[in-house]
Amino acid sequence: MDYTNIIKKIKAHKKTPNLKIKIKKEVEHFTEILYNTLFDTETLAEENIDELAKTFEKLVKTSCWQKEKPCEEIWEDYLDCLPTILDKLNKDAEAILAGDPASKSIQEIYLAYPGFYAIAIYRLAHPLYQMNFPLVPRLMTEFAHSKTGVDINPGAQIGEYFFIDHATGVVIGETTLIKDHVKIYQGVTLGALYVEKKMANSKRHPTIESGVTIYANATILGGNTTIGANTIIGGNAWITSSIEPNSMVFHKPEIQIKNNA
Numbered sequence: 212m213d214y215t216n217i218i219k220k221i222k223a224h225k226k227t228p229n230l231k232i233k234i235k236k237e238v239e240h241f242t243e244i245l246y247n248t249l250f251d252t253e254t255l256a257e258e259n260i261d262e263l264a265k266t267f268e269k270l271v272k273t274s275c276w277q278k279e280k281p282c283e284e285i286w287e288d289y290l291d292c293l294p295t296i297l298d299k300l301n302k303d304a305e306a307i308l309a310g311d312p313a314s315k316s317i318q319e320i321y322l323a324y325p326g327f328y329a330i331a332i333y334r335l336a337h338p339l340y341q342m343n344f345p346l347v348p349r350l351m352t353e354f355a356h357s358k359t360g361v362d363i364n365p366g367a368q369i370g371e372y373f374f375i376d377h378a379t380g381v382v383i384g385e386t387t388l389i390k391d392h393v394k395i396y397q398g399v400t401l402g403a404l405y406v407e408k409k410m411a412n413s414k415r416h417p418t419i420e421s422g423v424t425i426y427a428n429a430t431i432l433g434g435n436t437t438i439g440a441n442t443i444i445g446g447n448a449w450i451t452s453s454i455e456p457n458s459m460v461f462h463k464p465e466i467q468i469k470n471n472a
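Take the position in the sequence shown, starting the count at 1, then add 211; the result is the number in our numbering.
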C-alpha cells in the first residue's frame, strides 16, 4: 500500500507547528529533580542545580518559540525564588502535621501525602506562571494532577500553611485566591460560575479568607464569591454567593431508611 497520500493529509492537518510532545517528559524530569533537590537529604543541591539549569535550558529551547518573548533570563530569577518556596512548603507541612491526627511525622507528610505533593508542585510552578514562561508551569501542575488527582492551576494565589487532606478530586481554578491557614478536603471544587472565553482575563474563581475549613465534596463557584474568615463549609455544600466571616454552612440531606423485615 502506498502511504504517500495519507502522509500528505496528516501533514496538512498539523496546525500546531511548535507542538513538541517531548516537552511533557522534559517537564516531568525537571519537576522530579526540582522536588528531590528541595527535600531529599541524599540529593546534593550543589550537583543538581547544574543539572536543573541544563534541563531548564532545554525547556527554554522547546517552549519559547516566540522570538519577541525571550525566556533565557528567567532561570536566575526563578532560582532566587526557591528558598522562599521551600520555606512556604515547610509551613504547609507543619500545618498538615498539626491538623491531621493521622500524621505521625513530618517525613511521612513529605513522602506519603498526595495533597502536600500537589501543593509543592503548584508552589514551584506559580513563579514561572507569573513570569509568563509559556506552557511549562501548566505541565508541571498537570504532572502533579496525574500523580495525585489534585488539579491546581498554577495561576491560583495561595497563602501560607495550606492543607489539602486526603486530596483526590480537588479542583482549584486559575483566579482563585486562598489566604492563610486554609484547610480543604477531598473532592472540593473552587471553580467558575460561568465558563465563557470572553472571561479569560477576569476573576472567575472564589476568594477564600484565612482560617477557612472546607469539607469533602463542597463546591464554591464564582469570582465574586468570598468565603469569610474562620468559616466552616460542610460537606456537599453548593455555594455561589459570599458567606460572612465566622459562619457555618452545611448541606442538609434527606435520608430515608426502609425496614424490609
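For every residue, glycine included, the Cβ atom is placed at its ideal position computed from N, Cα and C. Remember, it's a predicted structure, so these values are computed and weren't measured experimentally.
Can the beta-carbon of residue i be found less than 7 Å from the beta-carbon of residue j?
i           : j           : result
residue 370 : residue 395 : no
residue 339 : residue 345 : no
residue 417 : residue 439 : no
residue 453 : residue 442 : no
residue 399 : residue 378 : no
residue 404 : residue 383 : no
residue 374 : residue 306 : yes
residue 331 : residue 363 : no
DSSP three-state call for residue i: helix, strand or coil?
i           : result
residue 354 : helix
residue 438 : strand
residue 212 : coil
residue 250 : helix
By Cβ distance below 7 Å, which residues in the same chain neighbour residue i in space, the five residues on each side in sequence not counted?
i           : result
residue 296 : 334 and 335
By Cβ distance, which residues of its chain are closer than 6 Å to residue i, with the 5 residues on each side in sequence left out?
i           : result
residue 392 : 372, 421 and 422
residue 317 : 304 and 308
residue 241 : 266
Would you kindly work out how many angstroms separate the C-alpha atoms of residue i and residue j, rounded to a whole number?
i           : j           : result
residue 367 : residue 386 : 5 Å
residue 342 : residue 287 : 12 Å
residue 262 : residue 245 : 10 Å
residue 293 : residue 337 : 11 Å
residue 358 : residue 233 : 19 Å
Can you find the residues in the same chain that come closer than 8 Å, C-beta to C-beta, to residue i, ignoring five residues on each side of it along the sequence?
i           : result
residue 314 : 307, 308, 320 and 324
residue 237 : 266, 269, 270 and 273
residue 427 : 377, 396, 397, 398, 399, 446 and 447
What first and last residue would you give for the alpha helix (DSSP H) that runs through residue i?
i           : result
residue 326 : 325 to 341
residue 468 : Run containing residue 468: none; DSSP gives neither H nor E here.
residue 263 : 256 to 274
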